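Trainee: Numbering (my numbering), first residue to last: 19 to 88. Starting off with a structure, shown below.
If you want it as structure tokens, here you go:
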């Protein structure tokens, strides 16, 4: 199974991605801003989802429709 970003580029473990939309994080009052660089992503085996850590939130799961490969 291949995981692709919003532009259709293939993502692999360890890639860096950039957010293309401001995202509110469930369970917190944090908002991750558009343009935030997220390094060292992990593929979790579910189609359309990646796991990552940001400075604000650890253990974050993002939908690939909101990221582009950096």
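Idealized CB from N, CA, C, for every residue including glycine. All values derive from a computational prediction rather than experimental measurement.
1) Relative to the C-alpha of residue 42, which candidate in 81, 60, 23 and 86 has its C-alpha closest?
2) Could you spell out where the beta strand (DSSP E) holding residue 68 opens and where it closes?
3) Return helix, strand or coil for residue 83, following the three-state DSSP convention.
4) Can you say whether residue 31 is buried or exposed, counting buried as having 16 or more other CB atoms within 10 angstroms of its CB?
5) When the Cα of residue 49 is compared with those of 40, 84, 68 and 86, which residue comes out closest?
6) Helix, strand or coil for residue 43? Go by DSSP, reduced to three states.
Mentor: Quick look at the numbers:
1) Closest option to residue 42, Cα to Cα, is 81.
2) Segment 67 to 70, the beta strand (DSSP E) holding residue 68.
3) The DSSP-derived three-state label of residue 83 is helix.
4) By the 10 Å Cβ count, residue 31 comes out exposed.
5) When each option's Cα is compared against that of residue 49, the closest is 40.
6) In the structure shown, residue 43 sits in coil (DSSP, three-state: anything other than H, G, I, E or B).
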